[in-house]
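Residue numbers (the numbering used here), protein chains in the order written: chain A, 972 to 1132; chain B, 972 to 1132.
Even glycine gets a Cβ: it sits at the ideal position worked out from N, Cα and C.
Since the structure comes first, as structure tokens, the remarks are kept for the end.
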DNA sequence: CTCAATCTTGACAAAAAAGTAATGATTTGC
DNA sequence: GCAAATCATTACTTTTTTGTCAAGATTGAG
């Protein structure tokens, strides 16, 4: 259960765009340099993000990428969904076991855990926008404070019964 | 952000052991058959789980695996931590970018998100025990209901400011 | 119109994760 | 003590994920 390279770098590239002033844009070489990844890699990520409609690209001299929407209107759950390659929906379809009937289907106790975990993560991500990720670590950490607090409360609730 | 094959199958193997009566045990071929994976694969997973102290193995005829502790005392966060291969702690150490100074270190807005997400997932997992995963899907789903409810409430709280 | 800067796209290569195979060690039953 | 059943361990193969390369397409400047 961890964030993939594509998720992390894709998100980082978007955050770079989110830091720009209204009239600015960033080229692939600039994005690559700022995140310490290759230009080719940045190109692939931006291509994905462009296809998904998060950024707009202009070619030619003075071209580059800008966000398609205000950073405050881009929620992390949407972004991660695109970068995460596959959906949780087809989790059980992509089963590789040897049985004819997938053990993942039908009555089993694991599936709710996988689906439930996914929902919890989505819920948390949907509360964060790109705009909230601009700035220093301490600032962003404060945003998460609220979430953690409630999580802790939730834990105590559950222990009571 | 998804569960890995190792995490899922490892967890499944443990759940199989959790369904046993006190005096029973399962051999590798039995576990493999029940989960629809190869015996070799089951062997590797059980080896990991044994090293981590979740199960006890006995060799020879009539050998097999049993849980080291009652299923109600094994929390999913411990299990996932072992099966997940790497820690969140060294996330930034394992950086593969081309810059001398890792962009992941120091002041950045992404790190709290990664760490925070991890904490949220851990918190949710720590509330679930193996014992709760025994039984049919509907029953297990009910366990998650509480968590989801609180998550939703949390979302609303955040929207208010 | 032509060139340089830039994004686009698909094929390819490298690395990581997952899964398999083979050999060795331990225990039980006879 | 020997053979069968079982787990333990390491090396290897396959698959998936990441990352790179190279050729193409579009735009703006002069």
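Cβ of residue i within 9 Å of any chain B Cβ
i, result
"residue 983(A)", "yes"
"residue 1047(A)", "yes"
"residue 986(A)", "yes"
"residue 1023(A)", "no"
"residue 972(A)", "yes"
"residue 1002(A)", "no"
"residue 1070(A)", "Unreliable positioning characterises residue 1070(A) in this predicted model, as indicated by a pLDDT of 39, which lies under 50. The coordinate reading is nonetheless provided below. It does; some Cβ of chain B falls within 9 Å."
"residue 999(A)", "no"
"residue 1019(A)", "no"
Exposure of residue i, with buried meaning 16 or more beta-carbon neighbours within 10 Å
i, result
"residue 1029(B)", "exposed"
"residue 976(A)", "exposed"
"residue 1087(B)", "buried"
"residue 1083(B)", "buried"
"residue 1116(B)", "exposed"
"residue 1006(A)", "buried"
"residue 993(B)", "exposed"
"residue 1100(B)", "buried"
"residue 1003(A)", "buried"
Endpoints, beta strand (DSSP E) assigned at residue i
i, result
"residue 1026(B)", "1026–1029"
"residue 1037(A)", "1035–1038"
C-beta neighbour in chain A for residue i, strict 9 Å
i, result
"residue 1087(B)", "yes"
"residue 975(B)", "yes"
"residue 1129(B)", "Low confidence applies here, because residue 1129(B) scores a pLDDT of 48, under 50, leaving its location unreliable and the question unanswered by this model."
"residue 1083(B)", "yes"
"residue 978(B)", "yes"
Closest by C-alpha distance to residue i, when choosing among the options
i, options, result
"residue 978(A)", "1002(B), 1048(B), 1081(B)", "1081(B)"
"residue 973(B)", "1054(A), 1021(A), 1099(A), 1103(A)", "1054(A)"
"residue 1098(A)", "1051(A), 1106(A), 1056(A)", "1051(A)"
"residue 1040(A)", "1094(A), 989(A), 1095(A), 1096(A)", "989(A)"
"residue 1010(B)", "1103(B), 1035(B), 1043(B)", "1035(B)"
"residue 1023(A)", "1085(A), 995(A), 1096(A), 1049(A)", "1049(A)"
N-terminal and C-terminal residue of the alpha helix (DSSP H) that residue i is part of
i, result
"residue 981(A)", "976–989"
"residue 1097(B)", "1081–1097"
"residue 1000(A)", "999–1006"
"residue 1010(B)", "1010–1022"
"residue 1052(B)", "1047–1054"
Between the CA atoms of residue j and residue i - distance to the nearest angstrom
i, j, result
"residue 1020(B)", "residue 1013(B)", "10 Å"
"residue 1069(B)", "residue 1008(A)", "Annotation note: pLDDT 39 at residue 1069(B) (below 50); position unreliable, no value reported."
"residue 983(A)", "residue 1112(B)", "35 Å"
"residue 1018(A)", "residue 1090(B)", "31 Å"
"residue 986(B)", "residue 1092(B)", "20 Å"
"residue 1047(A)", "residue 1106(A)", "16 Å"
"residue 1045(B)", "residue 1038(B)", "9 Å"
"residue 980(A)", "residue 1031(A)", "25 Å"
"residue 1033(A)", "residue 1094(B)", "47 Å"
"residue 1056(A)", "residue 1015(B)", "28 Å"
"residue 1104(A)", "residue 999(A)", "21 Å"
"residue 991(B)", "residue 1096(A)", "38 Å"
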